[in-house]
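Residue numbers (this note's numbering): 1019 to 1263.
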Amino acid sequence: MSLERIALISDIHGNLTALEAVLDDIAARGIQRIINLGDTAGKGPRGDEAVIRCREVCEVSVRGNWDDFLPGIPDDGPPEMIWWRDELSSASREWLSELPLSLDLELSGRRIRLFHASAESPHVRVHFHHTPEQFAGMFENTEMTGEGPVPDVVGYADIHDAYIESEDGRTLFNVGSVGNPLDEPTPSYVILEGGAYASDPFGVQFIRVPYDIEAEIAVAEALGMPARDVWAVELRTAVFRGRQG
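Below you can see the structure in the form of structure tokens.
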């Protein structure tokens, strides 16, 4: 029996040191298929390099909320947003703007849907603590996802908080964040494993990959990135900037 393995990464946010550590781990496991669930740039210092790297190695990238709004930040926008916008090349901004919003695939007879934040929009957030209605909504066909068979399994990103839950034959999981984890300060990604037939085993495995946090913080300092103080606290402690005292 031959099983397919697919690595799901997300929320890199310009943290190239974390991205390279995760890509090294994926390569060491012999995994060749990588799907990126969005938010490749912004918040961190090297969004353009992260975009270039993902264009090289990812089979598909879907559009996150930062990917969606960052290229269109106006010249009179917040200074930090202008910095992250201008750090991207015109080619990278165009690529981010044209990414698909949702991706469907099948493994072991399961219909799997992948998107950034919710079935409604990359800007509509569904947290780990959510309502039954929000859970059900993640499996619905919407204008964003398009028509077709509804999924049995949904994977998403956005909240930087890895988890998995199953209810009534449906499984929802969040891949966590590569570059800006906010559940613990260690990058997270997911390996999907399955086969061509419904009788094949199916797996969702969460991987944590340590990396040199201080080296990444030093890059932000050297480049004079805005908001690098709260960024450093997030990377070291996984405490979101809105919760920092």
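No residue lacks a Cβ here, since even glycine has one placed at the ideal position from N, Cα and C.
Classification of residue i by the beta-carbon crowding that lies within 10 angstroms, buried from 16 upward
i	result
R1131	buried
H1307	Absent from the model: residue 1307. The displayed extent of the chain is 1019 to 1263, so no value can be given.
H1145	exposed
E1112	exposed
L1241	exposed
P1199	buried
A1025	buried
D1176	buried
A1039	buried
Three-state secondary structure (DSSP) of residue i
i	result
S1110	helix
T1160	coil
F1224	strand
G984	The structure shown does not extend to residue 984, since the chain spans only 1019 to 1263, so no value can be given for it.
S1079	strand
L1034	helix
T1255	helix
I1177	coil
V1171	strand
I1130	strand
E1138	coil
Cβ neighbours of residue i in the same chain (closer than 7 Å, five flanking residues each side left out)
i	result
E1124	I1130
G1032	A1059, G1060, K1061, G1062, P1063, R1064, G1065, A1068 and G1197
A1180	N1192, V1193, G1194, D1201, S1206 and F1224
P1096	none
Test: residue i CB closer than 8 Å to a CB of chain B
i	result
R1081	Although the question refers to chain B, the structure presented lacks it and comprises just one protein chain.
Residues near residue i in its chain [Cβ-Cβ closer than 6 Å; skip 5 each side]
i	result
T1189	V1171
Y1098	A small correction: the amino acid at residue 1098 is Glu; Tyr does not occupy that position in the sequence shown. Contacts found: P1244 and A1245.
S1126	G1212, G1213, D1218 and F1220
Per DSSP, cross-strand counterpart(s) of residue i
i	result
A1025	I1052 and I1209
E1185	R1188
D1122	R1131
Closer than 7 Å: residue i CB and nearest the ligand MG heavy atom
i	result
S1108	Absent from the structure shown: the ligand MG. Ligands present: none.
Close beta carbons around residue i, own chain, < 8 Å, minus the five adjacent residues each side
i	result
I1182	T1189, L1190, F1191, N1192, V1222 and F1224
L1121	I1053, V1078, V1080, R1131, L1132 and F1133
L1106	A1059, G1065, D1066, V1069, L1088, P1089 and L1114
Next item on the list: Check whether the region 1061 to 1070 touches the region 1102 to 1120, counting contact only when three or more Cβ pairs, one atom from each stretch, lie closer than 8 Å.
Entry: Yes, the region 1061 to 1070 touches the region 1102 to 1120.
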